[in-house]
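A.B. asks: Once you've had a glance at the structure underneath, I'll fire off some questions.
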Amino acid sequence: MNELLFGGETGMEVIGRHVKRMVWSAAGQFGLHGLCPWDIDERWLLVARREMALPALGAGMEGKTVCHLSDVHCSPLMRAQHLMKCIDVVNRLEPDFVVVTGDFITASARHYVRRIGGLLKRLSPKVDTLAVLGNHDYGVFVPNQKVVRGLGEYVAEQLDHAGVRVLTNQTATYRQAGSVLHFAGIGELWSPDHDPEAAFASIDTRQPIIALVHNPDAAPHLAQLGARYVLAGHTHGRPSRNTRMHNALWPAVFLNFVAGEYDLGDARRLYVNRGIGPSRRVCANTRPEVTMFTLRRAVAQVRPSRPSWTPEEINSTVAASTLQGMVCPLPLDGPAVATA
Ligand SMILES: [Fe+2]
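Residues in the sequence shown are numbered consecutively from 2, following the numbering used here.
Written out as structure tokens, the structure is:
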């Protein structure tokens, strides 16, 4: 079950939201939903609670929590007030770690880079805030597009000033009472910085590794390299299709990686977060989301790697689980709580 926070719409706003959804759902039938100028569910936030089962997790790390955010897309369409509310919700969850899987901005205006840095300073996890960059953080909208020179570095620098540690093909390792946990942050798939082998070069893959990457298309390769759990974003919960228009505007190799949890085989999993920023939220089940994972020890045979799958195999065999978040027990300030 999922829980939606905030709300507080007037009757007319609810009617307006339904009308907008109908119009743009119809437009979506013709592949035009990307042109939607409104953020239909901007007042909502889904808090999903899940368990993350990791083989070889030590007792010292059992029960630690990881709050996953993605695709903030700080832009004229993202109200700072809404983002501050989302950050307050995250802080009230009291996670040990916060991880953000890219697309902090939408376009390359550096004003919004500084704004998102200022807002993310408010995050207060017990241990650390980690992040990877997404395609928009490089000014890239489709594969093979030239990056905006210096933009990725500027985003990383501003996040660093905000206390957010950006991992670009790097690892962050944490130890607690003899237990170890690795986070491997992977450079954006569509940028020149994508080098997952470098991120895994210095890690013992028998130990628990959570990989952070923006684009879920990278996940099968990261599982092959040794990641036990891959956290990604990028899709906004919007399915891509194998059509000429989708391939041009929203290309994806693994079409089934849309939202929620996926089994990558060999006790390795992928979670695709639908993000909290504004973007074409006209499809069903695409409301903004933060996900709170609790680490659990999984009983599974630990092997250093798994056999590779082809995109055809994955597209034909891997099916999305439903989003199975649990009800968030937090007392809410917002005037309305509704279920999906
Ligand atoms: Fe993206």
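Glycine included, C-beta positions come from ideal geometry on N, C-alpha and C.
My understanding is that L78 touches P279, with C-beta atoms under 8 Å, so please give their C-beta distance in whole angstroms.
C.D. replies: That belief holds up - the Cβ atoms of L78 and P279 are roughly 4 Å apart, short of 8 Å.
A.B. asks: What separation, rounded to the nearest whole angstrom, lies between the Cα atoms of I117 and T292?
C.D. replies: Taking the straight line joining both Cα atoms gives about 20 Å.
A.B. asks: Just how far apart, CA to CA, sit T66 and F294?
C.D. replies: Those two C-alpha atoms are separated by around 5 Å.
A.B. asks: Apart from the five residues just before and just after M85, which ones in its own chain have a Cβ nearer than 8 Å to its Cβ?
C.D. replies: Once the five neighbours on either side are set aside, the close Cβ partners of M85 are L120 and R123.
A.B. asks: Assuming G227 and D194 are in contact, meaning their beta carbons sit under 8 Å apart, how far apart are those beta carbons, in whole angstroms?
C.D. replies: About 20 Å separates the two Cβ atoms, so there is no contact after all.
A.B. asks: Taking C-alpha atoms, which residue in V101, R111, H74 and E262 lies nearest to V133?
C.D. replies: Here the closest residue by C-alpha is V101.
A.B. asks: Under 7 Å Cβ to Cβ from L131, same chain only, skipping five residues before and after it: list those, please.
C.D. replies: Correct list, in chain order: F98, V100, R166, L168, A173, F184, G186 and L213.
A.B. asks: Distance check for A219 and P197, CA to CA, integer angstroms please.
C.D. replies: Roughly 9 Å between the two C-alpha positions.
A.B. asks: Are T236 and A260 touching if we call contact CB-CB under 8 Å?
C.D. replies: Contact flag set, yes.
A.B. asks: Mind pulling the alpha helix (DSSP H) runs of 4 or more residues that sit fully within the region 41-94?
C.D. replies: 81-94, all fully within the region 41-94.
A.B. asks: Buried or exposed for L296, please, with buried defined as at least 16 other CB atoms from any protein chain shown within 10 angstroms of its CB.
C.D. replies: It is buried - the Cβ of L296 has at least 16 other Cβ atoms within 10 Å.
A.B. asks: By DSSP, does F258 sit in helix, in strand, or in coil?
C.D. replies: Three-state result, F258: coil.
A.B. asks: Report yes if the C-beta distance between G140 and V128 is below 8 Å; otherwise report no.
C.D. replies: Result no, Cβ atoms of G140 and V128 do not sit closer than 8 Å.
A.B. asks: Mind reading off the beta-carbon distance from H69 to Y272? Whole number of angstroms is fine, and I expect it under 8 Å.
C.D. replies: Contact flag correct, Cβ pair sits at about 7 Å.
A.B. asks: Run the Cβ filter for me: residues under 6 Å from any heavy atom of ligand 1, listed in the order they occur in the chain.
C.D. replies: Residues flagged by the Cβ proximity filter: D104, G135, N136, H137, H215 and H235.
A.B. asks: By DSSP's criteria, R269 is part of a beta bridge. Which residues make up the other side?
C.D. replies: In DSSP, R269 forms a bridge with G266.
A.B. asks: Report yes if the CB atom of P209 is closer than 8 Å to the CB atom of L182, and no otherwise.
C.D. replies: Cβ atoms of P209 and L182: closer than 8 Å.
A.B. asks: Smallest Cα separation from E158: which of R111, R275, N170 and R93?
C.D. replies: Checking every option, the nearest Cα to that of E158 belongs to R111.
A.B. asks: Please state the DSSP three-state secondary structure of R242.
C.D. replies: Note: R242 maps to coil in three-state DSSP.
A.B. asks: Given that a residue counts as buried once 16 or more other Cβ atoms are within 10 Å of its Cβ, and exposed if not, what is H83?
C.D. replies: When all chains shown are included, H83 counts as buried.
A.B. asks: From I277 to H137, what does the alpha carbon distance come to, in whole angstroms?
C.D. replies: Whole-angstrom Cα-Cα distance: 15 Å.
A.B. asks: Secondary structure at D97, three-state DSSP: helix, strand or coil?
C.D. replies: In the structure shown, D97 sits in coil (DSSP, three-state: anything other than H, G, I, E or B).
A.B. asks: Going by alpha carbons, who is nearest to S76 out of R115, P96 and L47?
C.D. replies: That would be R115, whose Cα lies nearest to the Cα of S76.
A.B. asks: N274: which of P240, A178 and R245 sits nearest, CA to CA?
C.D. replies: Checking every option, the nearest Cα to that of N274 belongs to P240.
A.B. asks: Do you know how far the Cα of L250 is from the Cα of Q146?
C.D. replies: If you take the alpha carbons of Q146 and L250, they lie about 12 Å apart.
A.B. asks: If you draw a straight line from the alpha carbon of V91 to that of N170, how long is it in whole angstroms?
C.D. replies: Distance between the alpha carbons of V91 and N170: 26 Å.
A.B. asks: Exposed or buried, which one is V73 when buried takes at least 16 other CB atoms within 10 Å?
C.D. replies: The residue is buried, with at least 16 neighbouring Cβ atoms inside 10 Å.
A.B. asks: Is it right to say T107 is buried, meaning 16 or more other beta carbons lie within 10 angstroms of its own, or is it exposed?
C.D. replies: It counts as buried.
A.B. asks: Determine the DSSP secondary structure at I204, reduced to helix, strand or coil.
C.D. replies: If DSSP states are grouped into helix, strand and coil, I204 belongs with coil.
A.B. asks: Using a Cβ-Cβ cutoff of less than 7 Å, which residues in the same chain neighbour G64 once the five nearest sequence positions on both sides are dropped?
C.D. replies: Once the five neighbours on either side are set aside, the close Cβ partners of G64 are T295 and L296.
A.B. asks: How long is the line joining the alpha carbons of G103 and G188, rounded to whole angstroms?
C.D. replies: C-alpha separation (whole angstroms): 10 Å.
A.B. asks: What does the alpha-carbon distance come out to for the pair S109 and L94?
C.D. replies: Going from the Cα of S109 to the Cα of L94 covers about 32 Å.
A.B. asks: Taking DSSP as the reference, what is the three-state secondary structure of L182?
C.D. replies: Residue state, collapsed to three classes: strand.
A.B. asks: Taking the Cβ atom as the reference point for each residue, do C87 and L58 lie within a distance shorter than 8 Å?
C.D. replies: Not a contact, by the Cβ cut-off of 8 Å.
A.B. asks: Just the Cα atoms here: how many angstroms apart are F258 and D264?
C.D. replies: Distance between the alpha carbons of F258 and D264: 10 Å.
A.B. asks: So the candidates are I211, G151 and H215; which of them puts its Cα closest to the Cα of Q225?
C.D. replies: The residue with the shortest Cα to Cα distance from Q225 is I211.
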